[in-house]
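Here the structure is laid out as structure tokens; the discussion comes afterwards.
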Amino acid sequence: MSFSERSRTSADGNAEAEVLLPPSTIYAEPKDRWNLVFLIFNFLGIASLLPWNSVTTAKNYFDYKLRNVTLPPNVPYNDPNAATELQRMFESYLSVSAMLSNLVFMFLAVAFVRNISLNVRMVSSLVIIIVIFIFTVVLVAVDSDSWQYEFFVVTLVSSAIMVGMTAVVTGSMFGLSCLFPPKYTRSAMTGQALGGTLTSVTNILALWGGDSPKASAFGYFLSATLISFLALLVYLSLYRLRYSKFYLVNQDDNKILDINEDIPNYTSLVSQRQYFSSILKKVWPYGLTVGLVFYVTLACFPGLTSIIKSVHYQPGDPWTDKYFSPVVCFLMFNFGDLLGRFCTTWVHWPRNGQGALLIIMAVLRVVYIPLLMMCHIDSGSNSYLKNLLNNDAWPIALILTLGLTNGYLGTLSMMYGPSHVAIEQAEGAVADVSPVPDPQKLKPSPFHGTEGLYTSDSASSSFKQSLRADSQDAFFHPRWEKA
228 MSFSERSRTS ADGNAEAEVL LPPSTIYAEP KDRWNLVFLI FNFLGIASLL PWNSVTTAKN
288 YFDYKLRNVT LPPNVPYNDP NAATELQRMF ESYLSVSAML SNLVFMFLAV AFVRNISLNV
348 RMVSSLVIII VIFIFTVVLV AVDSDSWQYE FFVVTLVSSA IMVGMTAVVT GSMFGLSCLF
408 PPKYTRSAMT GQALGGTLTS VTNILALWGG DSPKASAFGY FLSATLISFL ALLVYLSLYR
468 LRYSKFYLVN QDDNKILDIN EDIPNYTSLV SQRQYFSSIL KKVWPYGLTV GLVFYVTLAC
528 FPGLTSIIKS VHYQPGDPWT DKYFSPVVCF LMFNFGDLLG RFCTTWVHWP RNGQGALLII
588 MAVLRVVYIP LLMMCHIDSG SNSYLKNLLN NDAWPIALIL TLGLTNGYLG TLSMMYGPSH
648 VAIEQAEGAV ADVSPVPDPQ KLKPSPFHGT EGLYTSDSAS SSFKQSLRAD SQDAFFHPRW
708 EKA
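Position 473, counted from 1, in the sequence shown is what my numbering calls 700; the numbers after and before it change by one each time, with no gaps.
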């Protein structure tokens, strides 16, 4: 009898039973040999945010593509005194298009998530990301000097599509990881944090190599294409490993057991609006915190942080001209975000239940906007606050703590929120509001009920990504419980 056939046998031995039993209630859990499944989720985490990280980090390349082509040879293309309007607008427009794309694909997920399986969503999204990356690599080699505005628009559109696909991949990945023990969601979460840092380091190494912006970008985006392709392969390999088969049970998430049959489906008791209202009353402080953290971060990074220059800026200087922005703007933020996520492993303050304090701390982050505007920003800016903080230590400290508070407060809120949702409220409606598997089909633990309430890039990782990283043993997936 095959594994799938055995798993359809009921506890009383009735081979004709239609109920699909969770294998962990019958069989011993196999070993994750060489931690392959753990490493797969870590790699998927790295790859899941690669599109956004790659576009935001390749600032020198886009500055080159959108430069003033009539500049004399002795004036660098990224000289702030000679910046074009397209150069100044690019990062701000990129942030806005990313937010709109995220919102649009959330609505699309509401419309189609019940009709499209997790496997199809994951594979199709990764394929689209790969195709767009290939298109981006081709654009690197194309001379766009005579059609810079069209290049500007095409880049924003392709980036917006990649961000939308990233939201689908991220939600699907964590919807899948919720079927595994907590450390696998932690692995994916750590991978996401590492991805941004590695992307920044890669960009710095490319600059250090001394190649032209086009040559560096070609290798940079080609590497991103290969990593996305490898992510597709390792995702498909999950369905061939014995350990992951034990938890996945069936490649079709429509057939996974409803292990909570005693709890009526919410649609038979209350309307969908009432259902969401009951959840929002319990988790709104944590959802509001996540939203505030996300939007303050996007208001600052990368649109505002990337125009900060060293107070000692000299055209052609290795540190102040070449490395200052990649290190201070991008590496410092991503490293701070990584550090903030790791801090939640040991530090849990404010405590669970102190939602008002979390909101206050998130609101206080608004101060980063004027503080960053007070730094030494390029002379093409019209800000009246610029140069008030006239020391390079200020942007380093501000951007590092911006990332730190982003990772810490966002993750802490996502850890706490689900613990306020009753198990019976975890069933059903998540698929209506987030690009993750229908919990009526995946049957995870009580963390699903709040996942779809957040539309930010950080929150699309879902509450599950950080809650399961926390060692709160009071909440666990029923499949982890042995008979």
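Using N, Cα and C, we set each Cβ at its ideal position, and we do this for glycine too.
No experiment lies behind these values; they were computed from the predicted model shown.
Query	Result
Specify whether the stretch 514–522 and the stretch 533–548 touch according to this definition: at least 3 beta carbon pairs, one from each stretch, less than 8 angstroms apart.	no
Determine the contact status of Ser414 and Phe569, defining contact as a CB-CB distance below 8 angstroms.	no
Alpha carbon to alpha carbon, how far is Ala368 from Leu631? Give it in angstroms, no decimals.	37 angstroms
In angstroms with no decimal places, state the Cα-to-Cα distance between Ser439 and Thr547.	18 angstroms
So what does Ile604 bridge to, in DSSP terms?	Ile535
Under a three-way DSSP split, which group does Ala255 fall into?	coil
Report the rounded CA-to-CA distance for Phe448 versus Phe289, giving the unit in angstroms.	13 angstroms
Measure how close the beta-carbons of Gly272 and Gln419 come, nearest whole angstrom, since I'm counting them as under 8 angstroms.	4 angstroms
May I have the straight-line CA-CA distance separating Leu616 from Ala624, to the nearest angstrom?	12 angstroms
Which value, in whole angstroms, describes the spacing of the CA atoms of Cys556 and Ser373?	30 angstroms
Please report the residue range of the alpha helix (DSSP H) in which Arg578 lies.	From DSSP, Arg578 is part of no alpha helix (DSSP H); its letter is neither H nor E.
In the DSSP assignment, find the alpha helix (DSSP H) that holds Asn346 and state where it starts and stops.	Leu345 to Ala368
Can you tell me whether Arg578 is buried or exposed, with buried defined as 16 or more other CB within 10 angstroms of its CB?	exposed
Based on Cα-Cα distance, which residue from Ser450, Lys549, Phe445 and Leu507 lies nearest to Leu425?	Ser450
Measuring CA to CA, which of Ile267, Gly644 and Pro553 is closest to Thr429?	Pro553
Does the distance from the C-beta atom of Leu189 to that of Ala309 stay below 8 angstroms?	No answer is possible for residue 189: the residues shown for the chain start at 228 and end at 710.
Roughly how many angstroms lie between the CA atoms of Met326 and Asp605, to the nearest whole one?	25 angstroms
If you draw a straight line from the C-alpha of Leu566 to the C-alpha of Val354, how long is it?	31 angstroms
Looking at the C-beta of Thr426, does it have a partner C-beta in chain D at a distance below 8 angstroms?	Here there is only one protein chain, and chain D is not present.
Can you tell me where the alpha helix (DSSP H) holding Asp306 begins and where it ends?	Where Asp306 is concerned, there is no enclosing alpha helix (DSSP H), given that its DSSP letter is neither H nor E.
Identify, in the order they occur along the chain, each residue of the same chain with its Cβ nearer than 6 angstroms to the Cβ of Phe379, setting aside the five sequence neighbours on each side.	Leu313
Relative to the alpha-carbon of Thr382, which residue among Met400, Thr397, Ser399 and Ile361 has its alpha-carbon at the smallest distance?	Ile361
According to the neighbour-count rule (16 or more other Cβ atoms, all chains shown, within 10 Å of its Cβ), is Glu318 buried or exposed?	buried
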